[in-house]
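Enquirer:
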Amino acid sequence: MNVVVVESPAKAKTINKYLGKDYTVLASYGHIRDLPPKDGSVKPDDDFSMAWEIDAKSSKHVKAIADAMKGADHLILATDPDREGEAISWHVLEALNQKKALKGKTVKRVTFNAITKPAVQAAMAAPRDIDMELVDAYLARRALDYLVGFTLSPVLWRKLPGSRSAGRVQSVALRIIVDREVEIEKFKAQEYWSVDATMATPRNESFTARLSAFQGKKLKRLDIENQETAFAARDAVKNGKFTVSAVEAKPTRRNPPPPFTTSTLQQEAARKLGFNASRTMQTAQRLYEAGHITYMRTDGVSMDEGAIRELRTAIGGQFGNNYVPAEPRKYTSKIKNAQEAHEAIRPTDPTNTPQSLHLDGDQAKLYDLVWKRAVASQMEAASIERTSVDFTEPTGKVELRATGQVILFDGFLKLYQEGRDDEEDEENRRLPQLKQGESVKVEDVKADQHFTEPPPRYSEASLVKKLEELGIGRPSTYAAILEKLRERNYVKMEKNRFIPDDRGRLVIAFLENFFGKYVEYDFTADLEGQLDQVSAGELSWKKLMRDFWKDFNGAIAEIGDLRITQVLDTLNEVLGPHIFPPREDGKDARLCPLCNVGQLSLRLGKYGAFVGCSNYNGEPPCKFTRPLAGGDDAEQAIPSDGLPVGDGPNGPILLKSGRFGAYFETPNPSDPDKPKRASVPKGQAPTDVSLETAIKLLSLPREVGMHPSDNELIVANIGRFGPYIKMGNLYVNLPGADDVHEIQMNRAVALIEEKKAGGGKGRFGRAAPAPIKELGESPVTGKPVRVLNGRYGPYISDGDTNANVPKDKKPEDISADEALSLLAARAEMGGGKKKKKAPVKKAPAPKKAAAKSANKPAAKKAPAKKASKKA
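Reading the sequence shown from the start, the letters are residues -1 to 869 in my numbering.
1. Could you pull the start and end residues of the beta strand (DSSP E) that E775 belongs to?
2. Take P619 as the anchor and find which of V242, C593, K103, L600 has the nearest alpha-carbon.
3. Given this structure, state the Cα-to-Cα distance separating L542 from R140, to the nearest angstrom.
4. Could you tell me whether the region 466 to 474 touches the region 518 to 528, using the rule of 3 or more Cβ pairs below 8 angstroms?
5. Is the number of C-beta pairs between the region 187 to 202 and the region 438 to 446 that are closer than 8 angstroms three or more?
6. Using the Cβ count rule (16 or more neighbours within 10 Å means buried), how would you classify K157?
7. Output the distance between the C-alpha atoms of S151 and P159, rounded to the nearest integer angstrom.
8. Measuring only the C-alpha atoms, how far is R208 from R232?
9. Roughly how many angstroms lie between the CA atoms of K9 and L698, to the nearest whole one?
10. Can you name, in chain order, every residue of its own chain whose Cβ lies under 8 angstroms from the Cβ of A841, other than the five neighbours on each side?
11. According to DSSP, is L698 helix, strand or coil?
12. Take L569 and list the residues in its own chain whose beta-carbon comes closer than 6 angstroms to its own, dropping the five residues that flank it on each side.
13. What would DSSP say about N0, mapped onto helix, strand or coil?
14. Could you tell me which of Y27, E701, R501 sits nearest to L602, measuring between CA atoms?
15. For a test of the three-state rule: what should DSSP assign to H72, helix, strand or coil?
16. My parser needs the alpha helix (DSSP H) runs of 4 or more residues fully inside the region 43 to 110; what are they?
17. Determine the burial state of G763: buried for a count of at least 16 other Cβ atoms within 10 Å of its Cβ, exposed for fewer.
18. In angstroms with no decimal places, state the Cα-to-Cα distance between K186 and V572.
19. Assuming S677 and I716 are in contact, meaning their beta carbons sit under 8 angstroms apart, how far apart are those beta carbons, in whole angstroms?
20. Where does the unbroken beta strand (DSSP E) through F513 begin, and where does it stop?
21. How many Å lie between K11 and E287 at the Cα?
22. Determine which residues share a DSSP beta bridge with E416 and list them.
23. How is the beta strand (DSSP E) around M197 delimited, first residue to last?
24. Can you give me the start and stop residues for the beta strand (DSSP E) that Y21 sits inside?
25. What do you get for P706, buried or exposed, if any count of 16 or more other CB atoms within 10 angstroms of its CB means buried?
26. Per DSSP, what kind of secondary structure is K248 in: helix, strand or coil?
27. Do T885 and R344 have their CB atoms nearer than 7 angstroms?
28. Check the DSSP bridge columns for R126 and list the partner residues they point to.
29. Buried or exposed: where does W155 fall if 16 or more other Cβ atoms within 10 Å of its Cβ makes it buried?
30. Label Q353 either buried or exposed according to how many other C-beta atoms from any shown protein chain fall within 10 Å of its C-beta, with 16 as the threshold for buried.
31. What did DSSP end up calling E458 once you bin it into helix, strand or coil?
32. Can you tell me where the alpha helix (DSSP H) holding I794 begins and where it ends?
33. Assign R399 to one of three DSSP states: helix, strand, or coil.
34. Can you give the beta carbon distance from E391 to G238, rounded, assuming they're within the 8 angstroms contact cut?
35. Excluding sequence positions up to five away, which residues of its chain have a Cβ less than 8 angstroms from the Cβ of Y365?
36. Using the three-state DSSP reduction, which class does F608 fall into: helix, strand or coil?
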């Protein structure tokens, strides 16, 4: 009997179909052990020993494997063919050895690049031992990330309140985003002009040409700097008589791009499908586990020779033999630190076209992309003729140039083109047949003004590409790194581009000035190179750790001696241009706008950094503060003692700023010690809210009336999660803040009845949320899959497991396929609903003892002991 261990139940289910009755396939549900999230889990003083822990969820999976081994002779570890997969197998082996479940059993490791019957059977026929060099590389990476996080993050919390954490690769990725933002802010636009003419041949064939020389001087892109020169050039073209002076046609070949690696798949899925990195990897994981594509965590671009033969046969059958190159194409990676151990991502069977598999949703879209890219990579090159034509007038002082291209043979372009499908190539236009000496007519001329643009902010695709080019991190980790930056509010997304938040800029300014070596691009890339050496058996992981820790620990000690004032002085200087942008009135950007005496500077508070007046201890004290950033928030700065809004029914109304945002405050006649307060509605600028609206907000809660049948009072109010109406313990969300003031009895009753019909009561006595979307029945639980609105945002549920809707996805746009993918991922992490523990029944007291106690007087109760601080 053989026990096979894989990571996921979906993978176990697929493999189980390919193995006979002598095999039991079980899932470890990912990593079964981890470092406890507390200081001391990695001990540098004990030669970097590591304290691993099995949590409660993983314990039951380990027990299931151990129980299965009682009736088995062999343990086969069949986790993924990469460093993480090797580490999972090692953890399973270590855990089972601790349970003494492997005495007298044989243990083997097998790997396969695709979950197909031939690949699985071939792997089973060629077992090996666990690759301890890969495990060592995993241990080094985990120790590095742990020590950086648990050593540097506390320094940030002490020296930079409000900061969340710092990570070895995460901080460098954030620095790339911040550096680009600084580059954009420093950019100064330059004016330039272009002059374009619509030309016609004697055969009335129109085309466009651009001014390439003026007054005898060849022009570069930015040479026409003003309107005067542009209009002079336009008039010269308009009045000129042009002939063809030169025709140059260059035949060229355009080769197909290589098949996908992890990072290029993430980039292309972002460009063509709008997927973020996490969504791409989750979908690819499901395609891999279903046996449709090869392993999706790879930076290799090579393919199995048998797969290449199958691809060439498929190309010939579908497109014709002229689309099959004479020799198979071979690819090698040009990326720094790339490892060629694994194949590129490809379909396991090229004859399985996207149409024939009948996949749904994200899987259909991503498989289509993978299939086309892999097939195109083995197709014939495209033959293109690039043509440029020059035109001159008799004086030779004005020249025009037209460019274009003709596709002579489309080759791989028949199937696939890298980048967005709707992108237009400037040169991808046809030119009429033109001969040297032929006259052409100018039909129209226009001069257009342009300005140079700053470099674009990074998208997920371009940031992944940059990280890969620099050799920082590994493709399999990029999705988690980018998600972590968003979770910590170090960055925000706008039009699918990363914009550093002020908290992120502050962290990077601190790290660059006090911890610079460890956020340098080259240092981080060199460390990745050393980790690769560990994988190859060329470097001891303990030596790598000793060398790193010696310098790192010393740098931490130096930072520990820093005073907060030193940190503030440095950050004030470094971030000055961002925090204190020039004022339109020309006054000192740091002059306090409230007292006109003090100087504004960066200050640190319990909840993070802010800008305050230096005169806060003056006579009289200035209490001006504002958020860290410039822009709208700064213009709407609110002093700590409030801004007067006007007089309300109960006295003056002040606009104030608190921990949870801006709010209005007015005296409370019924309790002078507790003023009435009302939050400024989300999405409204505090200083744009009128006195009338402030009075309305402060009048809440508003009584709508008594429910006609339930005879309970209905009230309308605005709470932490937005506007709502309430009757007893039942709450109903309202779509807009205005409804709170306008909703009448008929509509309120209708909403309450609708809510009641949506289901029974949920948490806090509220009615269960009405589904945003119904997605059918779950194939796993047999229960309905729904998208619901929860207390902390939209989520997906199948009755047993809940999964959050991704931040970049609208809940109503979630497909059934995406929902099942998210639920499966959550279930693998142990995300099922917690079951209530059954109450422990107390054993009845012995009868004799009970009789004796009945005859005794009641004893005094001993004072309760204080709870121990120790867990």
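Glycine is no exception: its CB is placed at the ideal position from the N, C-alpha and C atoms.
Expert: Checking against the coordinates, here is how it stands:
1. 771 to 775
2. C593
3. 13 angstroms
4. yes
5. yes
6. buried
7. 11 angstroms
8. 11 angstroms
9. 55 angstroms
10. Any reading at A841 needs caution, since the residue's pLDDT is 48, under 50, leaving its predicted position unreliable; the model's value is listed next. No residues qualify anywhere along the chain.
11. coil
12. A507, L600
13. strand
14. R501
15. strand
16. 54 to 67, 81 to 96
17. Note that G763 has pLDDT 38, beneath the 50 cutoff, so the model's placement of it is unreliable and no number is given.
18. 20 angstroms
19. 7 angstroms
20. Careful: F513 lies outside any beta strand (DSSP E) and carries neither H nor E.
21. 9 angstroms
22. E416 is not bridged to any residue.
23. 189 to 198
24. 21 to 25
25. exposed
26. strand
27. The shown model of the chain, from -1 to 869, leaves out residue 885, and the question about it has no answer.
28. R107
29. exposed
30. exposed
31. helix
32. First-last for I794: 791 to 795, but that is the beta strand (DSSP E), not the alpha helix (DSSP H).
33. strand
34. 4 angstroms
35. L285, H290, I291, P345, P352, L355, L357
36. strand
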